[in-house]
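J.: To convert, note that position 545 of the sequence shown is 545 in UniProt numbering; the numbers rise steadily by one, no gaps. Attaching a single structure in structure tokens format; questions to follow.
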Amino acid sequence: MATQNPALPLREFCPLYYLLNAIPAKVQRGFRSALVYLTALDSSGDYIAVGSSIGMLYLYCRRIGQMNKYNLEGKSEPITAVKLLSCFDDLVAVGTASGRVSLFQLVSQLPGRNKQLRRFDVVGLHKSSVTALAWSPNGMKLFSGDDKGKVVYSAVDLDQGVCNPVVLLEEPSAIVQLDYSQKVLLVSSCQRSLLFYTQEQSIQQLGTKPRKSNGRFGACFQPALCKQSDLLVFAARPGLRLWRTDVRGRVGETHVLKPLFNQEVPQFELFPRPSPAGGCRPCDRQLGVVSCFLKEGWLLSWNEYSVYVLDCTNQVIVGGLESCGDIVSVSCTENEIFILKGDRDVVRISNCPEGLSSSCTYIYGAAVTMAIVSEPDVEDVELVEEVLEDGARFPLEGEKMEEGDVLVFSRSSSVTSVDTAGTSDVSTSDLSSSRYSTLTHEDLQQELVVKAIKVKKKGRRRRQGETSGSAHTFISYIAHNYIQYMAESWMGYSGPGCGILSLVVTDRHVWCLDFKGTLYCSPLPNGGLCWQRFEENVQQVALSPTGALLWKVEQKSMTAYACGKVTIKGKRHWYKALTETAFVALSEDSAWIVRTNGDVYLQTGLSVDRPCARAVRVECPCPLAQVCARGGVVWAMSEQRGLFYREGLSSYCAEGEVWKNDKISEIQGMEPMCIALGENCTLWSLDTSGRLWFRTGVTTKQPQGEDQHWWQVSITDYVVFDQGSLFQTLIHATQSVATATRVPVERVAECLRVAFLSQQSQGQPSLITASASGVWIASGRNDFHVAKGSLIGTYWNVVVPRGTVSSAKWAFIFCSPSPTKEGSYLWLGQSRKDLFCIWDRDAQLRPSTVQLPTEAEMVQLSACSDALWGLDLYGDVHIRPLSAGCPTGIHWTLLDLSQLGHARLISLSCGSQNVWACDTSGMVYFRVGTQALNPSMMLPAWISIDSR
């Protein structure tokens, strides 16, 4: 039996001052003031609902940071139960001490939805305090239980504005907990737990043995969208025992947890408070109300004395909070636990600070790197880094970060350092080349940091290998200290099947779809990948960033199916979502679907329990081929490779308002092949030439990004991308066909390639994906690469030196190889007979004329920080010393090359402190020092290097 805690830390990061300060401590009632006690609590990703002793419901909207309050009217009585629901409408139900039940339909900003607050009341059926509430997933059924054992079913029709309650059943003891799924109501009372089948109107008790003692022991369904017959139940029992039963009440497993509690229970770390907030061990430890939490097999249990998180799979107590009997209510969301203690104290327990995604890797006690990624000024390339050591200030809960700021959590103390502790062996079979640096599992857990710098450009791009003086050339500068960040951070892997058609990475897994339609899955690599065959006959696959939602498009039928529960092993249930589907993109709670005719449809309100819904058509300006969605941002690519982004998306308007064309990609000459949204508000694109691009600051309010350009990442030295290699697997697959038909295999493959390209709208390749683990690129054939650490983007900016025209053609351009903080000098010319110098910090880019040696024609020039070197037509070398007072130099000095004998130089290049040269026979020479004479007035020696 395992006794070690899992690595995931659950703790309180900061008290919820913003919530508690919005609820008054006392109110005035006539001539008397009444204290306000907090009596009930529920939470969701969008709201925190708090009931009070004065009959007032306080509802805090987490999206906009606003507190609303709702009065039940009539007699002020304490609220004893609260239950939230987010479906087509946001609903909240409350129960009071007198047995009154009210439900509110909240205001929605979505078109055609409720525009004013509506309240429905259930009165006369409950005669005592309401103790439990439960919604059906669609909000059409509300179940309520009281402390006399009565359970009431209320049929809610929001469209007709009616609520019809009836008594469903009556138990001899108080109702402790209610849960509903698949037409089955799970009822837990102080004496027993039972299943009520609403369709058959029949009852089945959990287990056959009665409880040895009465108590507030709850039960819950294991979350899953499945058939009724597959439902599973967790039920708390006396004596620290836990049952797992099926939907017919048959006990399948009994977890005996008492041995775990014989050891010291790890306590949740709480924020320091003036008065003790926990730490008192209960005299008799017991389970209580239960609910599933965070991970499969994890269970949250609480009673008035304690709160525990249990890992039933590994038989581990993840953490706990033990108190002195003042726990009033507990609620949980996906990765948060809210605990109402005492009169008015709310504790939030989670694995990350509020406002950050649970997918972020938070390492408590480790150094944290914060990088601010923003557009540098035209005159100044500025990169801001700030390393926060232990004890540094984090954004407080509820505190908003400025737009454009990127908070990155990393295991390393700086952006470029690599954690070498605990290096694990990496199998050479998983590396595509030995030149890639070995990355450990710790490296793969680092966050990807993206930095962007500017590059200036003059005129249009020169074609590869073209040397004509009439061609336009670049004017560029890249700071040397930024180049080092790129240091070989790409790691190569081999795919599991026959080529790679689609590559998707979630928070925990890598998914790969091959050309044969086989879908594979592997956990994020720890040295190597462990592929498992997941599904067959798949045309396209889509997953949400967390991996909770999974869709597939089936081959031949082109029908989209949603997976009810994403499990790597075991039986899976697929639900038909939409026919004639070409491409699907999943965000955290929605699905954007491209039909085979290029139309776009949207499904919203998705979750693990509701992976598909009704599809609504979204107007689009042209047929689309691909779409990506994440964090309230949607981008799409048309069949003609044009890029579009969706404006107007919000929590109230999931479909947005209008498509906008991305003109910048057209201006920069991009031909995107696939796009993907990643971490830190970054959009990635891979074009048809294998070039990698990204946009920063892509947010809901600014979906086009904060930069007026795309940044390009240089990957050719690390990732060899060949579009033709995408179809090499087709050649191998058609070998037998070509042999049988006696047709050249290349001809058969070409036919398939053309057919594949013509059907791209029915099978769009997804060759790039991004997550907190890095940027992943399928570079061709059956291999892919992942980039860790920092990536640098550059872009070309057209500039026109003062006194010249934009149509001027330049023959050459170069600059100092080691620019300083004072800037760099650019050297350019329109022919071999003229030379100009421009200081890159000069806003007007005024060129200064530099006189070339008159006795010979220069064929090559090279500059360093303190000298300009020139090679003439006869192989002689001329040096022009430079200084801060005279950055363009004063005169040329002929260098003595007598040491080289009869060798004739044909090429040279200056470094920061040395010079390299090559002669006509291919011999390479190296020289230390860039001046004609060294400080000792001696001629530096040329050192020959055997280049054979």
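We put the CB at the ideal spot given by N, CA and C, even for glycine.
Which same chain residues, not among the five before or five after S848, have their C-beta less than 7 Å away from its C-beta?
T.: F836, C837 and T888
J.: If you drop the 5 nearest sequence neighbours on each side, which residues of the same chain put their C-beta closer than 7 Å to that of T769?
T.: L503, V504, V505, A676 and W776
J.: Reducing DSSP to helix, strand and coil, say where E666 ends up.
T.: helix
J.: Among residues of its own chain, excluding the 5 on either side of R63, which ones have a beta-carbon nearer than 8 Å to its beta-carbon?
T.: D46 and S651
J.: Spatial neighbours of V290 within its chain, please: C-beta separation below 6 Å, excluding the five flanking residues on both sides.
T.: For V290, where only same-chain residues beyond five positions count, the Cβ hits under 6 Å are G218, C220, F234, A236, L299 and S301.
J.: Pop quiz: M558 and A577 are said to be a contact at Cβ under 8 Å. What is the actual Cβ separation, rounded to whole angstroms?
T.: Actually they are not in contact, since the Cβ atoms of M558 and A577 sit about 12 Å apart, beyond 8 Å.
J.: Keeping to the same chain, check which residues put their C-beta closer than 7 Å to that of C190; ignore five residues upstream and five downstream.
T.: S173, A174, V176, N214, G215 and R216
J.: For D842, collect the residues of the same chain with a Cβ closer than 8 Å to its Cβ; drop the 5 residues on either side in sequence, then sort them by chain order.
T.: none
J.: Pull up the DSSP beta-bridge partners for S86, would you.
T.: D90
J.: Whose C-beta lies closer than 8 Å to the C-beta of P266 among residues of the same chain, with five residues either side of it excluded?
T.: The beta carbon of P266 sits closer than 8 Å to the beta carbons of N5, I317, V318, G319 and G320 from its chain, once the five residues preceding and following it are set aside; these are given in chain order.
J.: How about W551 and V541: are their beta carbons less than 9 Å apart?
T.: yes
J.: Between the C-alpha atoms of L260 and C312, what's the straight-line distance to the nearest angstrom?
T.: Answer to the nearest angstrom: the Cα atoms are 11 Å apart.
J.: Check whether the stretch 91-107 and the stretch 149-169 are in contact - that is, three or more C-beta pairs closer than 8 Å.
T.: yes
J.: With a threshold of 16 other CB atoms inside 10 Å of the CB of G492, please say whether the residue is buried or exposed.
T.: buried
J.: According to DSSP, simplified to helix, strand and coil, what is Q712?
T.: The three-state reading of DSSP puts Q712 in strand, counting E and B together.
J.: With A863 and F814 assumed to form a contact (beta carbons below 8 Å), what rounded beta-carbon distance in angstroms separates them?
T.: 6 Å
J.: Report the start-end ranges of each alpha helix (DSSP H) in the stretch 23-50 that is 4 residues or longer and not cut off at the edges.
T.: None, since the stretch 23-50 contains no complete alpha helix (DSSP H) of that length.
J.: Spatial neighbours of D230 within its chain, please: CB distance less than 6 Å, with the 5 preceding and 5 following residues excluded, ordered by chain position.
T.: By the criterion of a C-beta distance shorter than 6 Å, D230 is surrounded by no residue of its chain, once the five residues flanking it on both sides are discounted.
J.: With DSSP as the reference, identify every bridge partner of P881, one or two as the case may be.
T.: In the DSSP output, where bridge partners are listed per residue, P881 has A867.
J.: At the level of alpha carbons, what is the spacing between P9 and T546?
T.: Cα-Cα distance, rounded: 18 Å.
J.: How long is the line joining the alpha carbons of V107 and K788, rounded to whole angstroms?
T.: A direct Cα-to-Cα measurement between V107 and K788 gives close to 44 Å.
J.: In the DSSP assignment, find the unbroken beta strand (DSSP E) run with L550 in it and report its ends.
T.: L550 to E554
J.: Taking only the alpha-carbon atoms, compute the straight-line gap between D90 and E647 and give it to the nearest angstrom.
T.: 24 Å
J.: For Q899, count the other beta carbons within 10 Å of its own beta carbon; 16 or more makes it buried, fewer makes it exposed. Which is it?
T.: exposed
J.: On a CA-only basis, which of G875, L649, D147 and A811 is nearest A132? Give me that one, please.
T.: Answer by Cα proximity: D147.
J.: Indicate whether W810 and Y825 have their beta-carbon atoms separated by less than 9 Å.
T.: no
J.: When the cut-off is 9 Å and only beta carbons count, does Y58 lie next to chain C?
T.: Protein chains in the displayed structure number just one, and chain C is not present.
J.: Would you call H902 buried or exposed, if buried means 16 or more other Cβ atoms sit within 10 Å of its Cβ?
T.: Exposed, by the Cβ-count rule.
J.: Taking its Cβ as the centre, do 16 or more other Cβ atoms sit within 10 Å of I568, making it buried, or is it exposed?
T.: The Cβ neighbour count for I568, taken over all protein chains shown within 10 Å, is under 16; the residue is labelled exposed.
J.: Quick check on the burial criterion: 16 or more other C-beta atoms within 10 angstroms. Buried or exposed for D687?
T.: buried
J.: Taking the alpha helix (DSSP H) that K258 belongs to, which residues open and close that run?
T.: Run containing K258: K258 to F261, per the alpha helix (DSSP H) assignment.
J.: Quick check: what's the CA-CA separation for S331 versus Q199?
T.: 29 Å
J.: Mapping DSSP to helix, strand and coil, what is S898?
T.: helix
J.: S831 by DSSP, collapsed to three states: which one?
T.: coil
J.: Return the CA-CA distance between L294 and W592, expressed in angstroms with no decimal places.
T.: 26 Å
J.: Is the beta carbon of I349 closer than 9 Å to that of E588?
T.: Going by C-beta atoms, E588 is not nearer than 9 Å to I349.
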